[in-house]
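In the numbering used here, the protein residues as written are 565 to 1017.
Structure follows, in structure tokens:
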């Protein structure tokens, strides 16, 4: 469950919270999480351990849970962690019961009646960030790992959860802080001009970091495609075979195919996985002079989708004489369809030749799409990848600030003003880690988490 509203000041309250930690529905087992300062007291109101004695940290205790009226609800196993030595930094308990939805609902209601509050989406993870147990990049990785639909998405999220992004970005931020300290030391002892770094040194150190940010952003393009899916748009004239090809690649009759031109009016999307890379296939209206307002809107949507695509497949029928002009744009891939029919002319150089009827060329087309999109296949991503727009935008902003600063100090910018730019660059890098993130940003990020996460 996602997108639940939460009060702006709820991020910092000290209430004890409760939520199911397992997905809704029937199963062998279900887990309910309880966390906060009153965890022990609230849990004791409904948990009856099988042997006496207080709950000890990290010990699994078998017992029974009772409902609000004191009746036996289920057998349970409780594991308790005492803060700050827990994953959230607060007292935390996980209650494992049988996976009956009514049992889970009643257990949560019983804990709420005893004084707990229902958790907001991602609130357990947010409390871990607040207490310094996780930085924001690792918290976001938990969400991405839970949401992963492919093994490659899980690999990228797991590396981020391990702390690779935090280590890389934290190291760059530390180097910027060292440069800022050197500049400010020179300001403190301004009568000795030799104490602070020269403009040439400041520019050199800035550009070293800019180059490393650029390398990270370049590697991050594949990370973005793995996380979000690369967009591949089929474009071409009506009746070129786009929709039939779309259906063959998707593996179902997703789009209506008829001999009548202009059948497809809106863009239609489906996701497939090619060599570990999620690919969002987009089929749209055939591009031509539209005959009515509806078709005109469809053609414009198809053109807009092509402008935003990672790869555009220019589909053309081999049995017709009209062909698209060759294009050197690496985003464009010509695809000749109707390969089983006689051809009046050879295919455009570099074309993939396919038949949606016989299946000819489809495997080669899939392989070429994967190659063009740099799909990972069996090879691991070697570099740290910033998987989210937030990470990439903050890193790019820091790089732009530092590049501008390097030019300005070479032109004679005073050290005092250089310090201002360096602070802005440091703030951008620390924003990735969540060290300077405002509450409204945290609210937007954690609202996309699951309840109980």
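For every residue, glycine included, the Cβ atom is placed at its ideal position computed from N, Cα and C.
Check: CA nearest to the CA of residue 728, picked from 762, 898, 687 and 951; Outcome: 951
Check: Endpoints, the alpha helix (DSSP H) within which residue 688 is located; Outcome: 687-694
Check: Residues near residue 744 in its chain [Cβ-Cβ closer than 7 Å; skip 5 each side]; Outcome: 983, 986, 987 and 990
Check: Residue 580 classed as buried or exposed, judged by whether at least 16 other C-beta atoms fall within 10 angstroms; Outcome: buried
Check: Residue 584 burial status per 10 Å Cβ neighbour count (16 or more: buried); Outcome: buried
Check: Which listed residue (841, 633, 807 and 677) has its alpha carbon closest to that of residue 902; Outcome: 807
Check: Segment contact, 8 Å Cβ cut-off, at least three pairs: the region 680-690 with the region 658-671; Outcome: no
Check: Span of the beta strand (DSSP E) around residue 662; Outcome: 656-663
Check: Local Cβ density within 10 Å of residue 594, reported as buried at 16 or more and exposed below that; Outcome: buried
Check: Rounded Cβ spacing between residue 656 and residue 599 (contact assumed at less than 8 Å); Outcome: 4 Å
Check: Same chain, Cβ closer than 7 Å to residue 907, five either side skipped, listed in chain order; Outcome: 882 and 883
Check: Pick from 694, 639 and 767 that is closest to residue 652, judged by C-alpha positions; Outcome: 694
Check: Which listed residue (622, 798 and 978) has its alpha carbon closest to that of residue 760; Outcome: 978
Check: Same chain, Cβ closer than 7 Å to residue 973, five either side skipped, listed in chain order; Outcome: 763, 766, 767 and 982
Check: Per-residue DSSP class, three states only, for residue 617; Outcome: coil
Check: C-alpha distance - residue 810 paired with residue 876, whole-angstrom precision; Outcome: 13 Å
Check: C-beta atoms of residue 996 and residue 700 nearer than 9 Å; Outcome: yes
Check: Boundaries (first-last residue) of the alpha helix (DSSP H) holding residue 625; Outcome: Unbroken run through residue 625 is the beta strand (DSSP E), 624-630; no alpha helix (DSSP H).
Check: Test item: CB-CB of residue 869 and residue 836 under 9 Å; Outcome: no
Check: Among 769, 925 and 874, the one whose alpha carbon lies nearest that of residue 788; Outcome: 874
Check: Straight-line gap, residue 642 to residue 597 (C-alpha atoms, nearest Å); Outcome: 10 Å
Check: Unbroken alpha helix (DSSP H) run spanning residue 724, endpoints; Outcome: 715-726
Check: Residue from 796, 1016, 786 and 617 with nearest C-alpha to residue 953; Outcome: 786
Check: Cross-strand partners of residue 878 (DSSP beta bridge); Outcome: 799 and 898
Check: Beta-carbon spacing of residue 638, residue 615 below 9 Å; Outcome: no
Check: 4-residue-minimum alpha helix (DSSP H) runs that sit fully inside the region 919-972, ordered along the chain; Outcome: 926-936
Check: Status (buried if at least 16 other CB within 10 Å, exposed otherwise) for residue 608; Outcome: exposed
Check: Beta strand (DSSP E) segment containing residue 595, residue limits; Outcome: 591-599
Check: is_contact[residue 807, chain C] using C-beta, thresh 9 Å; Outcome: Chain labels in this structure do not include chain C; a single protein chain is all it has.
Check: Spatial distance of residue 582 from residue 627 (CA atoms); Outcome: 19 Å
Check: Residue 916, DSSP secondary structure in three states; Outcome: strand
Check: Buried versus exposed, by CB contacts within 10 Å (16 or more), residue 636; Outcome: exposed
Check: Cα-Cα separation, residue 733 to residue 778; Outcome: 12 Å
Check: Three-way DSSP call (helix, strand, coil) for residue 666 in this model; Outcome: helix
Check: Buried or exposed by the 16-neighbour rule on C-beta atoms within 10 Å, applied to residue 816; Outcome: exposed
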